[in-house]
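Participant: Going by the UniProt record's numbering, the letters in the sequence shown line up with residues 1 to 105, in that order. C-beta: ideal position from N, C-alpha, C; glycine also. Only a predicted model underlies this, so the values are computations on that prediction, with no experimental measurement involved. Could you have a look at this structure, given as structure tokens, before my questions?
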Amino acid sequence: MQKKIKNLSIFTTALLASIYKKADAATDSLADIIGILQNVVDWAQVFFYVIAVLYIILGAWDYLNSGGDEGKVKDAKNKLLYSLVAIAIAVIAGGVVNIVVTFVN
1 MQKKIKNLSI FTTALLASIY KKADAATDSL ADIIGILQNV VDWAQVFFYV IAVLYIILGA
61 WDYLNSGGDE GKVKDAKNKL LYSLVAIAIA VIAGGVVNIV VTFVN
């Protein structure tokens with residue numbers, strides 16, 4: 001578990017460093033700022049979807065290996081439900097960002 005957390009933190013640090021480097025460039029207008037924010041949101045959504053899909057796979061694996069144990073089945077179903085809710089929230093958040101960008105432009 002600690003190795004997974006370590007790998008995730010290294011990946012997140014590298015991602016944030018690249019985003020910061022791009023955000024550090026000179027911004028001349030509001031369009032540049034909006035473009036940078038859209039890139040950040042797009043990268044965050046991709047990261048979010050990847051984690052959610054991995055969580056779905058983990059939940060399915062737990063469900064298949066539960067062996068009929070009620071507690072394990074319940075935990076696996078909760079993982080699947082939470083990951084689907086997370087994907088729904090990410091889709092809604094992406095829509096909200098697009099609406100805000102449309103109004104700002």
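Please check the pair Y63 and V73, which I expect to be a contact at CB under 8 Å, by giving their CB distance rounded to whole angstroms.
Facilitator: Reading the sequence shown from its first residue, position 63 is the one you call residue 63. Reading the sequence shown from its first residue, position 73 is the one you call residue 73. Sure, about 7 Å apart at Cβ, within 8 Å.
Participant: What's the call for K3, buried or exposed, on a 16-neighbour Cβ count within 10 Å?
Facilitator: Looking up residue 3 in the sequence shown gives position 3. Per the 10 Å Cβ criterion, exposed.
Participant: Please give the ranges of any alpha helix (DSSP H) in the stretch 19-101, keeping only runs that are unbroken, at least 4 residues long and fully inside the region.
Facilitator: Here the runs fully enclosed are 30-64.
Participant: Between V97 and the rest of its own chain, which residues show a CB-CB distance below 6 Å, the 5 nearest in sequence each way excluded?
Facilitator: To locate residue 97, count along the sequence shown from 1; it is residue 97. Hits under 6 Å: V41.
Participant: Going by other Cβ atoms of all chains shown within 10 Å of its Cβ, with 16 needed for buried, is S83 buried or exposed?
Facilitator: What you label residue 83 is simply residue 83 of the sequence shown in a count that begins at 1. It is buried - the Cβ of S83 has at least 16 other Cβ atoms within 10 Å.
Participant: How big is the Cα-Cα spacing for V85 and T12?
Facilitator: One-based indexing of the sequence shown puts residue 85 at position 85. One-based indexing of the sequence shown puts residue 12 at position 12. C-alpha separation (whole angstroms): 22 Å.
Participant: Take N78 as the anchor and find which of I89, L58, G68, G94 has the nearest alpha-carbon.
Facilitator: Counted from its first residue, the sequence shown places residue 78 at position 78. When each option's Cα is compared against that of N78, the closest is L58.
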